[in-house]
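Take UniProt numbering: the last position of the sequence shown gets the number 409, and nothing is skipped along the way.
Built from N, CA and C at the ideal position, the CB exists for glycine as well.
Keep in mind it's a predicted model, so treat the numbers as computed, not measured.
Data first, discussion second: the structure below is written as structure tokens.
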Amino acid sequence: MTIEETRAPVGLAAQRPAQLPSLTGMRWWAASAVFALHAVVFLPAYPFQHSETFRRIHAVLPMQLGAAGVTFFFVLSGFILCWNRRPGDSAKSFLRRRFLKIYPTHVLALVLLLVVAPVPLARTVVWLPNLLLIHTWVPGWTALGGLNVPSWSLVAEVLFYLSFPVLAPYVDRLRDNQILPCLIAVFLVIVALHCAFYLFADGPKGVTNIFVPRLLPGEVTPEHEIHSAPVWFAQDAIPVTPSYWLSYNFPPSRLLEFYIGALTAKLVMVGRFTATRYRHPLLLLAAGYALTWVVPLNFKLSVPIILPAAYVIATACCRDTAGYRGLNASRPLVWLGDLSFAFYLVQYPIMVTVTQTWMSGHRYDIRGWLAWSAVCLVLSITLAAAIFRYLDRPITQWARSIDRRQRAA
């Protein structure tokens with residue numbers, strides 16, 4: 001990572017601000033990338049989605065767009081948890097806070113989907129692995145048991161949370177001159193893993209983007225998008241390509257991305273990274289995204305984005321600590337960033353609801369698809385805002401009050 005001329009104050013370990021508004025605002029851009037992909041894949045506007053125009057749009061908004069957003073989330077999560085790590089914080093307190101942060105919103109989004117989609121509750125394999133956040137540990141459950149599609153990433157988050165109390169002390173013990181070599185070594189391990197998946201796991205070996213939306217026949221918008229249709233839930237198994245599953249869904253394969261974020265935070269905390277200009281990190285992020293078009297499938301879903309994401313996140317953190325206030329730290333972006341987790345989880349249930357309630361039985365061109373995408377965006381933001389205000393924030397405050405009482409005792 002290049003250290004630029006404009007620098008933030010050193011010695012941040014002693015004066016870490018708890019609030020990093022730019023990083024909160026950046027969460028919204030990552031969530032928006034995921035939403036853009038999902039609007040292409042999960043919002044069936046027929047006959048538009050059978051058109052050449054739609055195929056061109058999907059070429060511009062491919063699978064790796066949403067995957068880049070998820071990778072950014074993983075690196076950012078590791079960064080934030082390392083940054084906010086408190087001396088003396090017990091593993092029990094940490095895990096309780098993380099559980100209360102993600103699980104209530106996850107359950108609410110899943111319940112919404114169970115209400116609106118024709119889910120056969122008697123087939124527990126369809127919904128129970130998703131409820132327990134274990135579905136991506138088993139290839140056969142990853143698609144069939146991943147009812148609320150975006151929630152697959154939470155399984156990797158849970159693994160990171162479980163590992164953090166054990167591995168974070170080792171990050172703490174690193175000497176200043178060991179942090180960057182360790183970060184590079186972790187990244188090289190990630191590259192080696194993906195090389196192994198490419199060489200030894202079954203799956204596509206070319207650089208062509210093989211991801212295409214699963215479309216139903218017909219010229220009229222169906223009642224159910226394929227992933228929420230009875231025919232989908234009736235399948236005995238939904239095959240997942242081994243190289244794809246290992247490189248994208250399998251939690252241990254994604255774990256090291258969180259620790260790239262944690263090591264990046266440590267680099268900033270000790271003053272070894274102090275850049276505050278966005279030009280170079282954003283250029284590197286754009287180059288990393290461009291690289292996803294020319295690398296094999298199992299690389300394009302995360303590897304080119306990891307280090308550029310860490311570079312952008314570290315720069316944003318340094319800007320916050322140096323007192324800079326730009327777009328990402330603005331009040332609207334911070335508000336949207338606060339909603340981003342709930343927004344990420346409710347967008348698919350909202351799309352299923354909109355399809356069944358209003359879109360089905362009608363014909364749409366690109367204007368109809370764009371209009372309904374905008375409706376889903378507004379509804380998802382509105383519901384996410386309500387969840388953040390009435391569920392997430394009160395539970396988070398309650399969890400913090402428990403910690404304060406325990407420390408006082």
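- Taking Cβ positions, are Pro87 and Ala329 nearer each other than 8 angstroms? no
- Query: Quick one: Cα of Thr315 to Cα of Ser90, how far?
  - Reply: 30 angstroms
- Task: May I ask you to report which of helix, strand or coil DSSP gives Tyr244?
- Result: helix
- Message: So, with DSSP's three-state summary, where would you put Tyr390?
- Response: helix
- Task: Give the DSSP-derived three-state secondary structure of Tyr364 in the structure shown.
- Result: strand
- Message: Just list the residues that DSSP pairs Pro47 with in beta bridges.
- Response: Tyr364
- Query: Comparing alpha-carbon positions, which option in Gly206, Met26, Gln64 lies nearest Val41?
  - Reply: Gln64
- Hey, which unbroken runs of the beta strand (DSSP E) at 3 residues or more fall wholly within the region 111–167? none
- Item | alpha helix (DSSP H) segment containing Ser253, residue limits | 251–269
- Query: Where Val220 and Leu379 are concerned, what is the direct C-alpha to C-alpha distance, given to the nearest angstrom?
  - Reply: 24 angstroms
- Message: Using C-beta distances below 6 angstroms, list every residue in its chain close to Leu100, excluding the 5 sequence neighbours before and after it, in chain order.
- Response: Ile395, Ala399
- In whole angstroms, what separates the C-alpha of Ala290 from that of Ile305? 10 angstroms
- Helix, strand or coil: how does DSSP classify His194 here? helix
- Residue from Arg173, Phe258, Ala59, Thr357 whose Cα sits closest to the Cα of Ile80: Phe258
- Message: Check for me: the alpha helix (DSSP H) holding Pro332 runs from which residue to which?
- Response: 331–354
- Item | C-alpha distance - Ile402 paired with Leu95, whole-angstrom precision | 13 angstroms
- Message: Buried or exposed, going by whether 16 or more other CB atoms sit within 10 Å of the CB of His362?
- Response: exposed
- Message: What does the alpha-carbon distance come out to for the pair Phe273 and Pro104?
- Response: 36 angstroms
- Do you know whose CA, among Gly25, Ala45, Arg173, lies nearest Val354's CA? Ala45
- Task: Taking Gly69 and Ala109 to be in contact with their CB atoms under 8 angstroms, please state how far apart those CB atoms are, rounded to whole angstroms.
- Result: Between Ala109 and Gly69 the Cβ distance is about 17 angstroms, and since that is not below 8 angstroms, they are no contact.
- Less than 8 angstroms between the CB atoms is what I'm expecting for Tyr303 and Val191, so what's the real figure, rounded? According to the sequence shown, residue 303 is Val rather than Tyr. Their Cβ separation, rounded to whole angstroms, is 6 angstroms, which keeps Val303 and Val191 in contact under 8 angstroms.
- From Thr24 to Leu180, what distance separates their C-alpha atoms? 25 angstroms
- Item | Separation of Leu267 from Pro17, as counted between CA atoms | 16 angstroms
- Message: Does His224 come out as helix, strand or coil in the three-state DSSP assignment?
- Response: coil
- Query: Taking DSSP as the reference, what is the three-state secondary structure of Tyr103?
  - Reply: helix
- Query: What alpha helix (DSSP H) runs, 4 residues minimum, are completely inside the region 39–90?
  - Reply: 52–60, 63–83
- What is the DSSP secondary structure of Arg407, counted as helix, strand or coil? helix
- Item | Sequence-distant residues of its chain with Cβ nearer than 8 angstroms to Ser77 (five each side left out) | Glu157, Phe160, Phe258, Gly261
- Outcome for Asn84 when other beta-carbon atoms lying within 10 angstroms are tallied against a minimum of 16: exposed
- Reduced DSSP secondary structure (H/G/I, E/B, other) of Gln235: coil
- First and last residue of the alpha helix (DSSP H) that includes Asn298? 297–300
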